[in-house]
Every structure is written in C-alpha cells, then in structure tokens.
Amino acid sequence: APFGPSISKDPFVSPGCKDLKDEEVRFEGFPRTFVCAGGGEVLLDQIVFLKERMERSLGKEKVVYVEGKDAFHDYLVMEGAEPERGLTFDAIGAFLDASS
4 APFGPSISKD PFVSPGCKDL KDEEVRFEGF PRTFVCAGGG EVLLDQIVFL KERMERSLGK
64 EKVVYVEGKD AFHDYLVMEG AEPERGLTFD AIGAFLDASS
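Mapped onto the working numbering, the consecutive letters of the sequence shown carry residue numbers 4 to 103.
Written out as structure tokens, the structure reads:
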C-alpha cells in the first residue's frame, strides 16, 4: 500500500517522528524557520519535538518558536482566538522584518 505505517517513519514526510534518529532527519540548508503551536494543540508534543530537532540541526538562532498559551490547532485562522492569535501574528511580523 502506498500509504501505510512506513510513511510515518519517512524523514521527508514525518520529520518529527521520534522513531527516527536525528541523523536520519537533516535540516542543513533550511532557511531561518518560524514554528508556532497552540498550548492546547493535540499535536503539541510532536511540534515541540520537531522544533527541538530543527534547533539541533540548524542551531537555535535559526528557529523561532511561538506557542499560543491556551490556543488550539489552527488558532491563526479563527478570529476569536485572541489574544494568542494577535500575539502570534505580531511574532510573525517581527520574524519577517528580521528576515529582510
């Protein structure tokens, strides 16, 4: 089957998979990266692990992480998800300003 259990262990599809070793998932050459997650996010552990893996590969200075304290998945697209949404958009703006 083209989509099965092995897809979760593919470093290109699931770079946050804890079953993969850091040396199997490389981020060298990636640009400075912005990662955000909600504190109430179902995938929070995986997102934090991915962020940490990126920091180990790229260096902490190249990864900006923002966590909306009480936010849920996709809080950026929900107008009522304040103040986390606005704070994250401010952080995205600062990230973009620093990148130019």
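Backbone N, C-alpha and C define an ideal beta-carbon position, used for all residues, glycine too. Since this is a predicted model, take the numbers as computed values, not measurements.
Exercise. Under three-state DSSP, which class holds A4?
Worked result: Walking along the sequence shown from the start, residue 4 turns up at place 1. Residue confidence for A4 is low, a pLDDT of 47 falling below 50, so the modelled location carries little weight; the figure read from the coordinates is stated next. Here A4 carries a coil assignment [DSSP, helix/strand/coil].
Exercise. How many Å lie between A4 and M57 at the Cα?
Worked result: Counting from 1 along the sequence shown, the entry for residue 4 is found at position 1. Counting from 1 along the sequence shown, the entry for residue 57 is found at position 54. Bear in mind that the predicted position of A4 carries a pLDDT of just 47, short of 50, making it too unreliable to give a figure here.
Exercise. Bridge partners of A40, per DSSP?
Worked result: Within the sequence shown, numbered from 1, the residue matching residue 40 stands at position 37. Looking at the DSSP assignment, A40 forms a beta bridge with E70.
Exercise. If we ignore side chains and look at the alpha-carbon of each, how far apart do A40 and D48 end up?
Worked result: As a working note, residue 40 is residue 37 in the sequence shown. As a working note, residue 48 is residue 45 in the sequence shown. Rounded to the nearest angstrom, the two C-alpha atoms are 10 Å apart.
Exercise. In the structure shown, what three-state DSSP assignment does L23 receive?
Worked result: The residue given as residue 23 occupies position 20 in the sequence shown. It is coil, neither helix nor strand.
For this session: Might you give, ordered along the chain, the residues of its own chain that have their beta carbon closer than 8 Å to the beta carbon of F52, omitting 5 neighbours on each side?
Result: Here residue 52 refers to the residue found at position 49 when the sequence shown is read from its first residue. Once the five neighbours on either side are set aside, the close Cβ partners of F52 are G19 and K21.
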